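Numbers in our numbering are just positions in the sequence shown, counted from 1, shifted up by 2. Note that beta-carbon positions come from the ideal geometry of N, C-alpha and C, so glycine has one too. Quantities reported herein were computed from a predicted structural model and do not represent experimental measurements. Written out below as structure tokens is the structure these notes cover.
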Amino acid sequence: MELQRILKEYFLPHRWQQCEKELADFLLIKRTSRVTARALFYIGEALFFQNKYETALLKFLTAQDMYPMQSAEWAQYCLAELANFSKQRK
Numbered sequence: 003m004e005l006q007r008i009l010k011e012y013f014l015p016h017r018w019q020q021c022e023k024e025l026a027d028f029l030l031i032k033r034t035s036r037v038t039a040r041a042l043f044y045i046g047e048a049l050f051f052q053n054k055y056e057t058a059l060l061k062f063l064t065a066q067d068m069y070p071m072q073s074a075e076w077a078q079y080c081l082a083e084l085a086n087f088s089k090q091r092k
């Protein structure tokens, strides 16, 4: 229920910074491995939309055991953005 509330109040309206904080606070309490992985996945998305691609990638990799297809897809997005950023710096 709490995860759904956070998603409704912060994720859906694209309040990425607050969403990231709320989800991190949510994870301060021990959760099941599936709920933890789901929250980490959402943190990864919130980080991605804040252009924090390296940190987002780590969250997706952490969530990949429970959400392999979704995490792999978002990890590819992160890697593509990091590659683009690297090219722009040269």
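- Distance between residue 65 and residue 11, taken at the CA atoms: about 22 Å.
- Minimum Cα-Cα distance from residue 18 among the listed residues 32, 30, 53 and 31 corresponds to 53.
- Here residue 61 is buried, its C-beta having at least 16 other C-beta atoms within 10 Å.
- Assignment of residue 14 by DSSP, reduced to helix, strand and coil, places it in the coil class.
- The beta carbon of residue 47 is closer than 8 Å to those of 13, 58 and 76 in its chain, skipping five residues each way along the sequence.
- Minimum Cα-Cα distance from residue 69 among the listed residues 27, 82 and 44 corresponds to 44.
- Measuring C-alpha to C-alpha distances from residue 84 to each of 4, 74 and 50 identifies 50 as the nearest.
- Counting along the chain, the unbroken alpha helix (DSSP H) around residue 8 starts and ends at 4-8.
- Pairing residue 42 with residue 90, the inter-Cα distance amounts to about 29 Å.
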